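K.L.:
In our numbering, the protein residues as written are 4 to 171.
Cβ coordinates follow ideal geometry from the N, Cα and C atoms, glycine included.
This one's a predicted model, so the numbers in the text were calculated from it and none came from an experiment.
#1: So what does DSSP say about residue 145, is it helix, strand or coil?
#2: Rounded to the nearest angstrom, how far is the Cβ of residue 121 from that of residue 158, given a contact under 8 Å?
#3: Apart from the five residues on each side of it in sequence, which residues of its chain come closer than 6 Å, Cβ to Cβ, to residue 99?
#4: Pairing CB atoms from the segment 137 to 145 with CB atoms from the segment 102 to 110, are three or more of them under 8 Å?
#5: On a CA-only basis, which of 154, 144, 153, 152 is nearest residue 160? Give me that one, please.
#6: Between which two residues does the alpha helix (DSSP H) carrying residue 58 extend?
#7: Sort 95, 85, 55, 84 by Cα distance to residue 72 and report the nearest one.
#8: Am I right that residue 43 and residue 58 are in contact with their C-beta atoms under 8 Å? What's the rounded C-beta distance?
#9: For residue 54 and residue 75, I'd like the C-alpha separation in whole angstroms.
#10: Please give the ranges of any beta strand (DSSP E) in the segment 81 to 126, keeping only runs that are unbroken, at least 3 residues long and fully inside the region.
#11: Kindly indicate which residue of 20, 29, 17 has the alpha-carbon position closest to the one of residue 155.
#12: For residue 160, which of helix, strand or coil comes out of DSSP?
#13: Determine the extent of the alpha helix (DSSP H) in which residue 27 is found, giving its start and end residues.
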C-alpha cells in the first residue's frame with residue numbers, strides 16, 4: 004500500500020507508526036481533543052484552544068525554556084486524518100499529519116505520524132545541538148500514545164522533558 008503525504012515535498016519528513024489495541028473511533032477521538040496531547044507528547048505541557056481550529060501550545064524546551072506555539076488544524080477527516088501546522092512564516096513552519104486506519108485485527112488502529120520540521124537538515128542539526136531529536140521524539144510520542152490508550156498510563160519517558168512523566 005502506498006502512503007501519500009500532502010505535506011510540502013521535502014526529504015526532511017520524519018515518519019513513525021504504531022498499532023494500538025483500541026478501535027479507530029476511540030483513538031481518533033482521544034487525539035482529536037488536543038487537550039489530551041500533553042498526556043503523551045514529551046515536551047508539550049499545556050494546550051489551550053484559542054479559536055475554532057487554533058490552539059496555543061506551551062512547550063518546555065531544553066534548559067527549562069518555555070515557548071508558546073500557535074497551531075492550527077488545516078484538515079480533519081473523522082477517524083482518518085488530522086493535519087495541523089504551526090502558525091509561522093512558511094520557511095519556519097512545522098507540519099504534522101496523523102493518519103488513523105482500522106488495522107487488520109478487529110479493534111486495532113494503525114496510527115502513522117508524518118512530521119516536517121523547518122529548515123531541513125540545518126534545522127535538525129541546530130535542534131540536536133540543544134538536545135532535541137525530532138526523529139526520535141516522534142516514535143517515543145507514539146509509543147506513549149499507545150500506552151495511554153491501552154493502559155491509561157505512561158511508562159516511557161524517553162525523549163521527553165525531564166520529570167514530565169514522573170509517575171514512572
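P.N.:
Short version:
#1: In the chain shown, the residue the question calls residue 145 occupies position 142. Correct three-state label for residue 145: helix.
#2: Against the chain shown, residue 121 aligns to sequence position 118. Against the chain shown, residue 158 aligns to sequence position 155. Under the criterion of beta carbons closer than 8 Å, residue 121 and residue 158 do not qualify as touching, at roughly 31 Å.
#3: On the chain shown, position 96 is the one that residue 99 refers to. Taking C-beta separations shorter than 6 Å and ignoring five residues to either side along the sequence, the partners of residue 99 in its chain run 87, 118, following chain order.
#4: Result no; under three Cβ-Cβ pairs closer than 8 Å.
#5: Numbered from 1 along the chain shown, position 157 holds the residue referred to as residue 160. Ranking the options by Cα distance to residue 160, first place goes to 144.
#6: In the chain shown, residue 58 corresponds to position 55, counting from 1. According to the DSSP assignment, residue 58 belongs to no alpha helix (DSSP H) but to the beta strand (DSSP E) extending over 57 to 63.
#7: Counting from 1 along the chain shown, the entry for residue 72 is found at position 69. Minimum Cα distance to residue 72 is reached at 95.
#8: In the chain shown, counting from the first residue as 1, residue 43 sits at position 40. In the chain shown, counting from the first residue as 1, residue 58 sits at position 55. Wrong, their Cβ atoms sit about 16 Å apart, outside the cutoff.
#9: Stepping through the chain shown from its first residue, residue 54 is reached at position 51. Stepping through the chain shown from its first residue, residue 75 is reached at position 72. It is roughly 9 Å from the alpha-carbon of residue 54 to the alpha-carbon of residue 75.
#10: Counting only runs of at least 3 residues, the segment 81 to 126 fully encloses the following beta strand (DSSP E) elements, listed from N- to C-terminal order: 84 to 89, 98 to 105, 112 to 119.
#11: What you label residue 155 is simply residue 152 of the chain shown in a count that begins at 1. Of 20, 29, 17, the residue nearest in Cα terms is 29.
#12: As a working mapping, residue 160 is identified with position 157 in the chain shown. In the displayed model, residue 160 falls within coil according to three-state DSSP, outside both helix and strand.
#13: Within the chain shown, numbered from 1, the residue matching residue 27 stands at position 24. 27 to 35 is the span of the alpha helix (DSSP H), which, as asked, contains residue 27.
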